[in-house]
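Undergrad: Before anything else, here's the structure in question.
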Amino acid sequence: MTDVPYSREFALDLVREMLRIRRFEEICAELYGTMKIRGFLHLYIGEEAVAVGVLRAAQAKDAVVATYREHGHALVRGIPAKVILAEMFGKASGCCRGRGGSMHLFDAATRFHGGNAIVGGGLPIATGLALAERMLARQGIVFCFFGEGAVAEGAFHESMNLAALWRLPVLFCCENNLYAMGTSLARSESQTDLCVKAGSYGMAAQPVDGMDVVAVHEAAKSAAEAVRAGGGPRFLELRTYRYRAHSMFDPDLYRSKEEIEAWKKRGPLHGLTGRLKAQGSMSEEDFQRLEAEVRAEFEEAVAFAEAAPLEPAADLLRDVYTPAGGA
Amino acid sequence: MSARLSYREAMREALREALLRDSRVLLMGEDVGMYGGSYAVSKGLLAEFGPERIRDTPLSELGFVGAGIGAALGGLRPIVEIMTVNFSLLALDPLVNSAAAMRHMSGGQFHVPMVVRMATGAGRQLAAQHSHSLEGWYAHVPGLKVLAPATVEDARDMLWPAVQDPDPVVIFEHAQLYNLEAQYRPGSGADITHGRVRRPGRDLTLITFGGSLPATLQAAETLAAAGIEPEVVDLRVLRPLDEAVFLESVRRTHRALIVEEEWRSGGFAAEITARIMEQAFFDLDAPVQRVCSAEVPIPYAKHLEEAALPQPAAIVAAARRLVRGEAA
Ligand SMILES: Cc1ncc(C[n+]2csc(CCOP(=O)(O)OP(=O)(O)O)c2C)c(N)n1
């Protein structure tokens, strides 16, 4: 175990963010059980190091595009938990006024562009956002998250080609959790080395241990720097694992308990806390304090979502088109 | 001041205007630059505006339409050209799942000020995979605006308001119209919310749009020579649909015949028919009629293609039956 090369403050921030995602997702699962949250719900438990490590390399001026498994990204990006939860409750105070739900979290203030529930659907959009960034001579870059399942879609290949051809500032972050619903990578790809695919478009591609938030953050930081410096797009394959089923409807028949347990031993949260404790930069009391803060944040968020008003059905047709004179 | 222009030149001038007036505008698509546009619409624009703003794309309809959405979200005003509607099927996902849904799905936070232009229609012996008319499919989707300029003035003037529109606008340019020539009065087509009466009349209303307008006007003249005076309504805007323009006409003429190049089953004419039934049923003297394409993949051979498409003679015959009360 190597030392965590960060200030105590930043290291605790990484712990806090991963903990927030973990606890948030657990609460979501409970709220699904009590039918407060409906629709499709995809949990990010096990993959926390990816969103946290990558997005701590993002700046406020950057844009983020994610998938339907995006609660964690939304939280780390800074969308308040209470408006995320209110969205999942279908309330007017939700970030999308109850129009989007779990799979479609959007937030203009943090340039969070969803929440895309079409596998691969975010990649062309990220490419276009990056084109705008460049043509308008802004300094932002685009962080684009997608699962390894998306790699089989035409949208992946078309976007990789466009972004590389036009040298656009996109960081493609492939969350390789080995399964697309029940279909493992090996059962869906003739070439399972994803970096070879990305590399074939002439962009630098790097595999990263997605269970190690330090490795993720270091890789994301240097890749983001290169992208920001005008070097064109980059690709990170973040090797991770989802502990939970694909969604709340998935009986999880396609993988063994042993496999899941083996991955849990490499858990990103206790991996980091273990290292920090061993090197003496975090105590159990520190951890408990973070737990208490996170618990308080989410208790308040649940209460907010619970109490939030429903959007009046009379406003159903709102926001299909921009009202005259507005934009 | 009025000048003689072709539909193609009108569209090119419209593109130039948009590129000159707004530095955020770019034209992107397959062969829009070096080649000059597959229908020569963008010829010369690369030299004038350069490769950043007249942006040739690879053959990636899904990719570059999606990138157009992202570019619009990022602050540009992209005009995305899809070579023809046939290939737009490869881009249905970004158009329907992202562009159309974005504003509503994000609770009004993000909108997509993108224009998508595409050539549409049959008539040049290009057979089944290059002859579609699918305007009605797009007009089915809330969140999109759908325009069908059928005249030189509309080709010239509808683009700029579409570019300024905060929401995604799809423009269908019937490939048979590009060589159409007419006098153009500046500004006469600058309206993307209303349909128009192209020919006033009293005996029946012929309702049409896009590539079917010339055949319908031709049929109207034949009918007029025989003493039947049709009113011709050009819808121009398929979504949001301007119902008033054809309902008002039908209430006066008491008869409606809809002409379109789409297949009859589930085509846009069915929607027009339904609106008339819902709102002007008691003004009708005869059942609403349709002249559409035959229910067949458009064939190659000239005589077969002609037989599949709405021809002036078929419009005239249908109109005569309708006026004489033979239709039912
Ligand atoms: C275009 C498309 N096809 C199928 C689906 C159904 N679907 C939703 S998630 C999913 C698996 C995607 O796996 P992956 O991209 O690896 O992401 P993960 O769920 O593992 O995060 C599938 C098939 C979809 N949403 N979109």
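Protein chains in written order, with my numbering: chain X, 1 to 327; chain P, 1 to 328. Ideal Cβ positions, reconstructed from N, Cα and C, are used throughout, including at glycine.
Beta carbon of I276 (chain P), beta carbon of A256 (chain P): below 8 Å?
TA: As a position in the second sequence, residue 276 (chain P) is number 276, starting the count at 1. As a position in the second sequence, residue 256 (chain P) is number 256, starting the count at 1. Cβ distance < 8 Å, so I276 (chain P) and A256 (chain P) count as in contact.
Undergrad: Would the beta-carbon of F112 (chain X) fall within 8 Å of that of I79 (chain X)?
TA: In the first sequence, the residue the question calls residue 112 (chain X) occupies position 112. In the first sequence, the residue the question calls residue 79 (chain X) occupies position 79. A contact, by the Cβ cut-off of 8 Å.
Undergrad: Taking 8 Å as the cut-off, does the stretch 99 to 107 of chain P touch the stretch 262 to 279 of chain P (at least 3 CB pairs, one atom from each stretch)?
TA: No: fewer than three Cβ pairs fall under 8 Å.
Undergrad: Taking the beta carbon of T205 (chain P) as the centre, do at least 16 other beta carbons fall within 10 Å, making it buried, or is it exposed?
TA: For the purposes of this step, residue 205 (chain P) is taken as the residue at position 205 of the second sequence. Buried.
Undergrad: Since F110 (chain P) meets chain X, which of its residues come closer than 8 Å, beta carbon to beta carbon?
TA: For the purposes of this step, residue 110 (chain P) is taken as residue 110 along the second sequence, with counting starting at 1. Simply F106, A108, H113.
Undergrad: Does any C-beta atom of chain X lie closer than 8 Å to the C-beta of E52 (chain P)?
TA: For the purposes of this step, residue 52 (chain P) is taken as the residue at position 52 of the second sequence. Yes - at least one Cβ of chain X is within 8 Å of the one on E52 (chain P).
Undergrad: If we cut at 8 Å on Cβ distances, does A327 (chain P) have a partner in chain X?
TA: For the purposes of this step, residue 327 (chain P) is taken as the residue at position 327 of the second sequence. Caution applies to A327 (chain P), whose pLDDT of 46 falls short of 50 and renders its modelled position unreliable; the model cannot decide the point.
Undergrad: Flag this pair as yes or no: are the beta carbons of L373 (chain X) and G63 (chain P) separated by less than 8 Å?
TA: Nothing about residue 373 (chain X) can be read from this structure; chain X reaches only from 1 to 327.
Undergrad: Distance, Cα to Cα, F87 (chain P) vs P78 (chain P)?
TA: Residue mapping note: residue 87 (chain P) aligns to position 87 of the second sequence, counting from 1. Residue mapping note: residue 78 (chain P) aligns to position 78 of the second sequence, counting from 1. Those two C-alpha atoms are separated by around 19 Å.
Undergrad: I'd like the span of the beta strand (DSSP E) that includes L27 (chain P), first residue to last.
TA: On the second sequence, residue 27 (chain P) is found 27 positions in, with the first residue counted as 1. Per DSSP, L27 (chain P) belongs to the beta strand (DSSP E) from 25 to 29.
Undergrad: Please list, in chain order, all residues of the same chain as E181 (chain P) whose beta carbon is under 8 Å from its beta carbon, the five residues on each side excluded.
TA: For this step, residue 181 (chain P) is matched to residue 181 along the second sequence. So the qualifying residues of the chain are R4, L5, S6, Y7, V152.
Undergrad: With 8 Å set as the bound, which would you pick, yes or no: does the beta-carbon of S7 (chain X) sit closer than that to a beta-carbon of chain P?
TA: Reading the first sequence from its first residue, position 7 is the one you call residue 7 (chain X). It does not; no Cβ of chain P falls within 8 Å.
Undergrad: Can you pull out the residues from the stretch 129 to 157 of chain X whose beta carbon lies closer than 7 Å to at least one beta carbon of chain P?
TA: Flagged, chain order: L129, L131, A132, E133, M135, L136, G154, A155.
Undergrad: Inspect the beta-carbon positions of G210 (chain P) and E305 (chain P) and report whether they are closer than 8 Å.
TA: By 1-based counting over the second sequence, the position of residue 210 (chain P) is 210. By 1-based counting over the second sequence, the position of residue 305 (chain P) is 305. Not closer than 8 Å, so no.
Undergrad: Tell whether a beta-carbon distance below 8 Å holds between A317 (chain P) and A307 (chain P).
TA: Along the second sequence, read from residue 1 onward, the residue named residue 317 (chain P) stands at position 317. Along the second sequence, read from residue 1 onward, the residue named residue 307 (chain P) stands at position 307. Cβ atoms of A317 (chain P) and A307 (chain P): not closer than 8 Å.
Undergrad: Would you list the one or two residues that DSSP bridges to A180 (chain X)?
TA: The residue you call residue 180 (chain X) lines up with position 180 of the first sequence. According to DSSP, which records beta bridges pairwise, A180 (chain X) is partnered with X:T183.
Undergrad: For chain P, is any of its Cβ atoms less than 8 Å away from the one on G100 (chain X)?
TA: Within the first sequence, the letter at position 100 stands for residue 100 (chain X). Taking Cβ atoms only, chain P reaches closer than 8 Å to G100 (chain X), which makes this a yes.
Undergrad: Determine whether the beta carbon atoms of L272 (chain X) and V213 (chain X) lie at a separation below 8 Å.
TA: By one-based count along the first sequence, residue 272 (chain X) stands at place 272. By one-based count along the first sequence, residue 213 (chain X) stands at place 213. A contact, by the Cβ cut-off of 8 Å.
Undergrad: Check whether the Cβ of E175 (chain X) lies closer than 7 Å to any heavy atom of ligand 1, and answer yes or no.
TA: For the purposes of this step, residue 175 (chain X) is identified with residue 175 of the first sequence, where counting begins at 1. Within the cutoff, so yes.
Undergrad: Since G122 (chain X) and V65 (chain X) are thought to touch, with beta carbons under 8 Å apart, how far apart are those beta carbons, to the nearest angstrom?
TA: Taking the first sequence and counting its residues from 1, one reaches residue 122 (chain X) at position 122. Taking the first sequence and counting its residues from 1, one reaches residue 65 (chain X) at position 65. At roughly 4 Å, the Cβ-Cβ gap stays under 8 Å, so G122 (chain X) and V65 (chain X) are in contact.
Undergrad: Count the other CB atoms, across all protein chains shown, that sit within 10 Å of the CB of L20 (chain P); report buried if there are 16 or more and exposed otherwise.
TA: Reading the second sequence from its first residue, position 20 is the one you call residue 20 (chain P). Answer is exposed; the Cβ neighbour count stays below 16.
Undergrad: If the criterion is Cβ atoms closer than 8 Å, does the pair A298 (chain P) and A128 (chain P) meet it?
TA: Here residue 298 (chain P) corresponds to residue number 298 of the second sequence, with the count starting at 1. Here residue 128 (chain P) corresponds to residue number 128 of the second sequence, with the count starting at 1. With the sequence shown as reference, residue 298 (chain P) is identified as Ile, and Ala is not the correct amino acid for it. Against a cut-off of 8 Å, the Cβ pair of A128 (chain P) and I298 (chain P) comes out as a contact.
Undergrad: Measure the Cβ-Cβ separation of G210 (chain X) and R244 (chain X) and say whether it is below 8 Å.
TA: For the purposes of this step, residue 210 (chain X) is taken as the residue at position 210 of the first sequence. For the purposes of this step, residue 244 (chain X) is taken as the residue at position 244 of the first sequence. No, the pair does not count as a contact, with Cβ atoms beyond the cut-off.
Undergrad: What are the boundary residues of the beta strand (DSSP E) that includes A92 (chain X)?
TA: The residue you call residue 92 (chain X) lines up with position 92 of the first sequence. Per DSSP, A92 (chain X) belongs to no beta strand (DSSP E) and is neither H nor E.
Undergrad: Which residues, in order along the stretch 200 to 231 of chain X, keep a beta-carbon less than 9 Å from a beta-carbon of chain P?
TA: Residues passing the 9 Å Cβ filter: none.
Undergrad: Tell me which same chain residues have a C-beta within less than 8 Å of the C-beta of W160 (chain P), skipping the five on either side of it?
TA: Locating residue 160 (chain P) in the second sequence gives position 160, counting from the first residue. If we look at W160 (chain P) and ignore the five residues flanking it on each side, its Cβ neighbours are A14, E17, A18, R21, A190.
Undergrad: Could you compute how far the alpha carbon of A328 (chain P) sits from the alpha carbon of V197 (chain P)?
TA: To locate residue 328 (chain P), count along the second sequence from 1; it is residue 328. To locate residue 197 (chain P), count along the second sequence from 1; it is residue 197. Unreliable positioning characterises A328 (chain P) in this predicted model, as indicated by a pLDDT of 43, which lies under 50. The coordinate reading is nonetheless provided below. Taking the straight line joining both Cα atoms gives about 26 Å.
Undergrad: Would DSSP call G199 (chain X) helix, strand or coil?
TA: Stepping through the first sequence from its first residue, residue 199 (chain X) is reached at position 199. Residue state, collapsed to three classes: helix.
Undergrad: Does R124 (chain P) pass the burial test, meaning 16 or more other C-beta atoms within 10 Å, or should it be called exposed?
TA: Reading the second sequence from its first residue, position 124 is the one you call residue 124 (chain P). It counts as exposed.
Undergrad: Suppose the cutoff is 7 Å on Cβ atoms and the five residues either side in sequence are ignored; what does the same chain contact list for A162 (chain P) look like?
TA: Looking up residue 162 (chain P) in the second sequence gives position 162. Cβ neighbours of A162 (chain P) beyond the five flanking positions: V115, L147, V169, I171, I192.
Undergrad: Can you tell me which of the three DSSP states A327 (chain P) falls into?
TA: By 1-based counting over the second sequence, the position of residue 327 (chain P) is 327. The predicted model places A327 (chain P) with a pLDDT of 46, which falls under 50 and marks its position as unreliable, so this point remains unresolved.
Undergrad: If we count the other Cβ atoms within 10 Å of its Cβ and call it buried at 16 or more, is F24 (chain X) buried or exposed?
TA: The residue you call residue 24 (chain X) lines up with position 24 of the first sequence. It counts as buried.
Undergrad: Just jot down, in chain order, the residues whose CB lies closer than 5 Å to any heavy atom of ligand 1.
TA: The set, ordered by position in the chain, is X:R69, X:I118, X:V119, X:G147, X:E148, X:G149, X:A150, X:N177, X:A180, X:M181.
Undergrad: Roughly how many angstroms lie between the CA atoms of A49 (chain X) and F304 (chain X), to the nearest whole one?
TA: In the first sequence, the residue the question calls residue 49 (chain X) occupies position 49. In the first sequence, the residue the question calls residue 304 (chain X) occupies position 304. The straight-line gap from Cα to Cα measures roughly 28 Å.
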